[in-house]
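Sequence lines, in order, name chains A, B and C. Quick note on numbering: the numbering used here labels position 272 of the first sequence as 272, and the sequence is numbered without any gaps. Quick note on numbering: the numbering used here labels position 231 of the second sequence as 231, and the sequence is numbered without any gaps. Quick note on numbering: the numbering used here labels position 266 of the third sequence as 266, and the sequence is numbered without any gaps. Cβ coordinates follow ideal geometry from the N, Cα and C atoms, glycine included. Just so you know, these numbers come straight off a predicted model, no measurement behind them.
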Amino acid sequence: MEFVTAIVSSAYQFGDAFAFLVLSACGLAVIFGMMGVINLAHGEFIMCGAYMTVFAVNWGLPLPLAIVCGSLFAGLVGMVIERLVVRRLYSRPLDSILATWGVSLIASQGTLILFGPTMRGVGTPLGSFTVGALSFSYYRLVLMATALAVLALLYLVFTKTRFGVLARATIQAPHMANALGVDTGRIYAYTFGIGAALAGLTGGIYAPTMTMIPTMGTTFIMEAFVTVVVGGADVFLGTAPAAALLAVVKASLTSWQGQLAGQIGLLLAVIVVIRLLPKGITGFILKDRA
Amino acid sequence: MIVSRFLKRLEGPQTMGKGPLFWTAFAVVLAAALAYPLFADGYDVGNNIYFLNWTFMALGLSLIWGYGGSLSFGQTAFFGVAGYSYGILTINFGTAYGFGLVSVVIAIAIAALFAAILGYFLFFGRISGIFLGIVTLSVTLALERFMAQTAGPEWKVGAARLNGFNGMSGMPALTLPWFGGEISLYPDIGLYYLVLGLLVVVYLGLRILVNSRFGNVLVALRENPQRAEMLGYDIRKYQLATFVIGAALAGLSGVLYTSWGQYITPSSMGITSAALPIIWVAVGGRSDLTATLIGTLVVLSVFQALTIYGSQYALVVMGLLLVGTVLLAPRGLIANAGLLVGTLFSRRNGSK
Amino acid sequence: MTVRLLQATMLTCAFALSGAAHAADPIKIGVLEDQSGDFAAATIGKVHAIELAAEEINNAGGIAGRPIELVVYDTQSDNNRYQEFMRRVLQRDKVDVVFAGFSSASREAYRPIVNQFDGLAFYNNQYEGGVCDANMIVTGAVPEQQFSTLIPWMMETYGKRVYTIAADYNFGQISAEWVRDIVKESGGEMVGEEFIPLGVSQFSQTIQNIQTAKPDFVVTLLVGAAQASYYEQAASANLGLPMASSVNVGQGYEHKRFTPPSLANMYVTTNYIEEVDTPASKAFLEKFHAKYPNEPYVNQEAANSYIAMNLYKQMVERAGGSTKRDDLRAELAKGDVCFDGPSGNVCLDPKSQHMSHTIFLAKVGDDHAISFPKVWEDIKPYWLGDAGCDLTQADPDEQYTPSNPPTKQ
């Protein structure tokens, strides 16, 4: 029984870390990995989705619907920001840092001014289950399932649907796509919107487990950037294996030496990976293929 | 004639501002800065020293990013390393026999050494572009995380406790040896002149550097690294040298800040602090030293004034300023203003 | 909220100015608090409490006939701002006293500047203890007041096996040290200790570690909004253990912000929370809500700030209207500067310039209602004096900890 408990708990901790990394990174992976825009406002999109979800629950919607609501709202906000600010910055990645940093300042301070420094959250649904001497929360399993579903969904959308193929074509060779009659402006807007909506989904789904303050997005940022950088440009080839690798690093370091070791371990992992694989895991895999 | 030869070395294609008009304006501004303490009260002098302290870091970043093309978030890491080194050295050994000054030099050297090791790893490993930024940011954050938990009594170097998140204090102010004793420079007129003098020396020195052969190669490798390499230059050495010089300047900022406030804390290496130099340099105009210098001072004063008078809205206005700069004046607000002024004057001077 | 703040500040200033028209020149009080940024939730109430006290005192004729003028700066939860504005407030605005600081880092950032200008500052926050500095008067609670009451009570009630999770920086580490020492003295056993870096919000591994160690209760010393997510996650994993804390509920009113029953069975020692229902507390709350009807919560820091204003008034008036630091310290040294405030009678201790407190043990119920199983009267801040800090004799300007006490002469 002890052995079973140990297996279950290790798998649980790995899955929990994996889910956190994937969900933090997926929105950023679409925006940075696919579009090359460094989005320092990623945390604020997460916060946007979380706040909207809580509002929706307070208006009476059931939680799953509220999360969808939060995600869509974040996506809409993302499309507006893309139209106003990001559109002119596609060829200037370093300038996108500044612009999105400015957006993040406006968003988090604006939320503080409008809604105050803190907001009452919603409780975590679904109870707990026990294995041996340990008890676990069902909702964390929902998080893990969502992470896998998001990865699968992204893969399907971007490889099997017409929109997905057009989006990838536009991003890889915009002039060709334009010449072939694709409305590149709209593709950019939708792709950015998808990235923002994914961030909003993360916010909405983690909202029941966290404190609601305007700067709540900052706790996801480090993990998001680390995963995206280690993964490289391709969302499917890179993000999933990167998240798996980093989840192993983080979970094992945290259980061995504590949370600080886990955090520093992640940062060191980034440095090592970039030194060995300058283009991330994607570059490694694609180079092999070619 | 020596003056004109000297002036020629200060001018070149890499810096804005040339000719007798510019240098007269420079002399006027310098004279005003020298006379300033006679008219201003103690608070303003101390506050301006605080602003001037940050300019060295900004100039270093301008060198690394604006001229060298490498976006580095690491300036704050070197700032912190030098600040803590200065604190550890002066708390342990005091400032007698001119050691106050020696510890400044040693602290900057430690930061430069750290930069050399990191830079070797980065540039000889062919890391560039945004990945360079991310690695330097990771190093800065890892350092901050590590320092923030050094609160226990076992974390000390000699007599100096690192003291974790609460920060290290108790180090003496900047002390110069003098005949018959030493002068402790608290934030007042003496320190003001010292920092101003340092700034003038560094500014002119950097101008000479970027307008020399070194600067030409630097700009060439910023524009097109492969072409520079094919012309026979080992760009890694140039990038490393630039990185170390920029880091030394950041270290100077760190030492000055620590001795100004007699305090250094890991949050000086946090993510917000790491982004601030990028913001000053970008809003000022990263490709030009003069624009960076003016821009940094302007942004710092404006942000402080906004915080004092604008209370909660200060951060919102800062965000709008950033977005506006990027969209409307991407080369930097001050740089664009400088270009405008330049075109005005050249038209006046009668171009064909 | 900011409009209200601006209005309140302007009203106070206007009142002070009108007072100045026919009275002596005003006493300037600097206020450096984080009204934006990470710490805003717990500190906006402090500014409001100071304004309430200023208005009350001015209505009653001011301090020694002089009206109070508040000079307020928003330090944005940024240590650099504390340095900048402390210089400004002491050098340019030339205030007579400053009420400043939330985090310990901010206090340590501004202390050298207060010392350089020989000013006087009130630190009205609970913290890890140990500041022995003649330029500081500390009204916040310190570990010996909160833990020497809490831990023995918990051990008597629940058992002797203790697990601590603490924020991984000075406050958390020093508080954990205190808990460790008290547990040992009371014959208990530390079955585990975990330090969490600031900003971490995911606690699955921590929860598992706690379950494996099987403690009787958990001491939670978590700081910041991200770390407070622990309570929600522990409740959803059905951890079910009683919790003890010195820092949550009393400062960040988590019991109002989180859905029940995530904080059920939590015990907190605090020197004040708005649920205290003594007549003095009720009167204080009435006044507070009359001026600020939408105040989310009146926490212990707000009460401390209010008390501090009144203590300052008392000291100045006893010193014959002088605001010179040495005159005020002479009054302090007499040992009987006390005030009957929202939490009862509190006094300033001459050796350490800290404040004695009534300590309330607050229990959070299943529906997050608060009850008070025990109250300790007049707990003195004894540790600094016992350890060798005596500000009536010498001014070391240091911060000490149990493992780094003052060197005995």
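Counted within 10 angstroms of its Cβ, other Cβ atoms place residue i as buried (16 or more) or exposed
{"i": "lysine 250/A", "result": "buried"}
{"i": "methionine 176/A", "result": "exposed"}
{"i": "tryptophan 280/B", "result": "buried"}
{"i": "isoleucine 31/A", "result": "buried"}
{"i": "valine 276/C", "result": "buried"}
{"i": "proline 64/A", "result": "exposed"}
{"i": "asparagine 59/C", "result": "exposed"}
{"i": "threonine 24/B", "result": "exposed"}
{"i": "isoleucine 117/B", "result": "exposed"}
{"i": "threonine 159/A", "result": "exposed"}
{"i": "aspartate 74/C", "result": "buried"}
{"i": "aspartate 340/C", "result": "exposed"}
{"i": "histidine 22/C", "result": "For histidine 22/C, the predicted model reports a pLDDT of 45, less than 50, meaning its position is unreliable; a value from the coordinates is still stated below. Counting Cβ neighbours within 10 Å, histidine 22/C comes out exposed, since fewer than 16 surround it."}
The ligand MG heavy atom lying under 7 Å from the CB of residue i
{"i": "valine 4/A", "result": "You won't find the ligand MG in this model; it holds no ligand whatsoever."}
Cβ separation of residue i and residue j, assumed to be a contact under 8 Å, to the nearest whole Å
{"i": "proline 277/B", "j": "leucine 132/B", "result": "Contact flag wrong, Cβ pair sits at about 15 Å."}
{"i": "arginine 329/C", "j": "aspartate 41/B", "result": "Not quite, the Cβ-Cβ distance comes to about 28 Å (not below 8 Å), so this is no contact."}
{"i": "valine 248/A", "j": "leucine 198/A", "result": "Actually they do not touch by this definition, with Cβ atoms about 23 Å apart."}
{"i": "leucine 198/B", "j": "glycine 68/B", "result": "Not quite, the Cβ-Cβ distance comes to about 22 Å (not below 8 Å), so this is no contact."}
{"i": "glycine 37/C", "j": "glutamate 301/C", "result": "Going by Cβ atoms, the distance from glycine 37/C to glutamate 301/C rounds to 16 Å, so no, they are not a contact pair."}
{"i": "leucine 192/B", "j": "glycine 83/B", "result": "Going by the sequence as given, residue 192/B is tyrosine instead of leucine. In fact, because the Cβ distance is near 20 Å, the residues do not count as touching under 8 Å."}
{"i": "glutamate 84/C", "j": "tyrosine 186/B", "result": "The pair is not a contact, with the Cβ atoms about 16 Å apart (cut-off 8 Å)."}
{"i": "valine 114/C", "j": "glycine 129/C", "result": "Contact flag wrong, Cβ pair sits at about 19 Å."}
{"i": "tyrosine 158/C", "j": "phenylalanine 217/C", "result": "5 Å"}
{"i": "serine 305/C", "j": "valine 268/C", "result": "That belief does not hold up - the Cβ atoms of serine 305/C and valine 268/C are roughly 20 Å apart, past 8 Å."}
Distance, residue j Cα to residue i Cα
{"i": "isoleucine 97/A", "j": "isoleucine 285/A", "result": "28 Å"}
{"i": "proline 26/C", "j": "aspartate 96/C", "result": "10 Å"}
{"i": "phenylalanine 136/A", "j": "glycine 43/A", "result": "28 Å"}
{"i": "leucine 249/B", "j": "serine 24/A", "result": "36 Å"}
{"i": "phenylalanine 163/A", "j": "methionine 34/A", "result": "14 Å"}
{"i": "aspartate 106/B", "j": "tyrosine 97/B", "result": "Sequence check: residue 106/B is isoleucine here, not aspartate. Straight-line Cα distance between these residues: approximately 15 Å."}
{"i": "lysine 256/C", "j": "glutamine 149/B", "result": "30 Å"}
{"i": "alanine 134/C", "j": "asparagine 80/C", "result": "23 Å"}
{"i": "threonine 311/C", "j": "tryptophan 383/C", "result": "For the record, residue 311/C in the displayed sequence is leucine; it is not threonine. Cα-Cα distance, rounded: 22 Å."}
{"i": "phenylalanine 147/C", "j": "asparagine 248/C", "result": "13 Å"}
{"i": "alanine 19/A", "j": "alanine 147/A", "result": "5 Å"}
{"i": "isoleucine 113/A", "j": "asparagine 299/C", "result": "21 Å"}
{"i": "threonine 95/B", "j": "leucine 194/B", "result": "17 Å"}
{"i": "cysteine 338/C", "j": "alanine 133/A", "result": "52 Å"}
{"i": "proline 293/C", "j": "leucine 344/B", "result": "58 Å"}
{"i": "threonine 325/B", "j": "glycine 332/B", "result": "7 Å"}
{"i": "phenylalanine 171/C", "j": "alanine 41/A", "result": "31 Å"}
{"i": "glycine 270/B", "j": "tryptophan 178/C", "result": "29 Å"}
{"i": "serine 71/A", "j": "histidine 48/C", "result": "37 Å"}
{"i": "alanine 300/B", "j": "glutamine 211/C", "result": "Here residue 300/B is leucine; the residue named in the question, alanine, does not match the sequence. Looking at the two C-alpha atoms, the distance is approximately 50 Å."}
{"i": "serine 299/A", "j": "threonine 76/B", "result": "The requested residue 299/A is not part of the displayed model; chain A covers only 1 to 290."}
{"i": "alanine 111/B", "j": "threonine 401/C", "result": "31 Å"}
{"i": "tyrosine 182/A", "j": "threonine 170/A", "result": "First, the residue type needs correcting, since residue 182/A is valine and not tyrosine in the sequence shown. Distance between the alpha carbons of valine 182/A and threonine 170/A: 8 Å."}
Neighbour list for residue i in chain F, Cβ cutoff strictly below 8 Å
{"i": "valine 122/A", "result": "Here chain F cannot be found, since the structure's protein chains are A, B and C."}
Worksheet item: Whole beta strand (DSSP E) runs in the segment 252–325 of chain C with 3 or more residues, listed along the chain?
Response: 266–270
Practice prompt. Please specify which runs of the alpha helix (DSSP H), each continuous and at least 4 residues long, are wholly inside the segment 3–56 of chain B, giving them in chain order.
Written response: 19–39
Practice prompt. Output the residue ranges of the alpha helix (DSSP H) runs that lie fully inside the segment 111–153 of chain B and measure 4 residues or longer, sorted by chain position.
Written response: 129–148
Worksheet entry | Within 8 Å of chain A by C-beta, residues of the segment 138–168 of chain B in sequence order | Ser138, Val139, Leu141, Ala142, Arg145, Phe146 and Gln149
Worksheet entry | Chain-ordered residues of the segment 294–312 of chain B with a beta carbon less than 7 Å from chain C | Taken in chain order, the members of the segment 294–312 of chain B whose beta-carbon sits within less than 7 Å of a beta-carbon on chain C are Gln304, Thr307, Ile308, Ser311 and Gln312.
Fill in: Near-chain C residues of the segment 195–215 of chain A (beta-carbon distance less than 8 Å), N- to C-terminal order
Cβ contacts with chain C: Pro208, Thr209, Met210, Thr211, Met212, Ile213 and Thr215.
Worksheet entry | Chain-ordered residues of the segment 33–60 of chain B with a beta carbon less than 8 Å from chain C | For the segment 33–60 of chain B, which is checked against every Cβ of chain C, the residues closer than 8 Å are Asp41, Gly42, Tyr43, Asp44, Gly46, Asn47 and Tyr50.
Practice prompt. Give, in chain order, every residue of the segment 82–104 of chain C whose Cβ lies closer than 7 Å to some Cβ of chain B.
Written response: Gln83, Glu84, Arg87, Arg88, Gln91, Arg92 and Ser104
Discussion item. Going residue by residue through the segment 205–251 of chain B, where are the continuous alpha helix (DSSP H) segments of at least 4 residues, counting only ones entirely within it?
Written reply: Counting only unbroken stretches of 4 or more residues, the alpha helix (DSSP H) elements lying wholly within the segment 205–251 of chain B are 213–223 and 225–230, in sequence order.
Item to complete: Mind checking the segment 239–266 of chain B against chain C and listing, in chain order, the residues whose C-beta falls within less than 7 Å of any C-beta there?
Response: Gly261, Gln262, Tyr263 and Thr265
Worksheet item: Enumerated in chain order, which unbroken segments of the beta strand (DSSP E) with a length of 3 residues or greater are wholly contained in the segment 105–139 of chain A?
Response: 128–131 and 134–137
Worksheet entry | Positions along the segment 313–328 of chain B whose CB lies within less than 8 Å of some CB in chain C | Within the segment 313–328 of chain B, the residues whose Cβ lies closer than 8 Å to some Cβ of chain C are Tyr313, Ala314 and Leu315, listed in chain order.
Practice prompt. Can you give me, in chain order, the residues of the segment 384–399 of chain C that have a beta carbon less than 9 Å from any beta carbon in chain A?
Written response: none
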